[in-house]
Amino acid sequence: MTTITFQLEKLTCPSCMQKITDSVNELTGIEKIKILFDRSKARVVFEDNKISEEEILHKIEEIGYSANKI
Numbered sequence: 149m150t151t152i153t154f155q156l157e158k159l160t161c162p163s164c165m166q167k168i169t170d171s172v173n174e175l176t177g178i179e180k181i182k183i184l185f186d187r188s189k190a191r192v193v194f195e196d197n198k199i200s201e202e203e204i205l206h207k208i209e210e211i212g213y214s215a216n217k218i
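The numbering used here applies: residue 149 is where the sequence shown begins, and numbers increase by one.
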């Protein structure tokens with residue numbers, strides 16, 4: 149398992165947080181995602197032999213948000 153933390157942009161409400169969580173959880177290889185709304189950060193635990201960081205970032209961007217690895 150690999151853990152990565154992203155700084156999220158455009159995270160303005162709890163429903164935004166839920167939208168990101170639901171979308172990322174749909175991806176194969178995601179073990180867990182936790183979003184800290186007050187810090188606009190997401191921590192994702194995933195199987196790096198099934199999904200890449202870039203694929204996770206792409207999914208977040210695909211639904212209208214921005215994320216940067218920190």
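Note that CB positions come from ideal geometry on N, CA and C, so glycine has one too.
- Query: In whole angstroms, what is the alpha-carbon distance linking Ile218 and Glu174?
  - Reply: By 1-based counting over the sequence shown, the position of residue 218 is 70. By 1-based counting over the sequence shown, the position of residue 174 is 26. Our two residues, Ile218 and Glu174, have alpha carbons roughly 23 Å apart in a direct line.
- What residue range is occupied by the uninterrupted alpha helix (DSSP H) comprising Leu205? The count along the sequence shown starts at 1 and reaches residue 205 at position 57. In the DSSP assignment, Leu205 falls within the alpha helix (DSSP H) that extends over Glu201 to Glu210.
- Item | CA nearest to the CA of Lys180, picked from Leu159, Gly212 and Ile199 | As a working mapping, residue 180 is identified with position 32 in the sequence shown. Looking at the Cα atoms, Ile199 is the closest of the given residues.
- Close beta carbons around Arg191, own chain, < 6 Å, minus the five adjacent residues each side: Position 43 of the sequence shown, counted from the first residue, corresponds to residue 191. Thr153 and Lys182, listed in sequence order.
- Message: If the criterion is Cβ atoms closer than 8 Å, does the pair Gln166 and Ala215 meet it?
- Response: Along the sequence shown, read from residue 1 onward, the residue named residue 166 stands at position 18. Along the sequence shown, read from residue 1 onward, the residue named residue 215 stands at position 67. With respect to the 8 Å criterion, Gln166 and Ala215 are not classified as neighbours on the basis of their beta carbons.
- Item | Assigned secondary structure, Thr151 (DSSP; H/G/I helix, E/B strand, else coil) | On the sequence shown, position 3 is the one that residue 151 refers to. Thr151 falls in the strand class under three-state DSSP.
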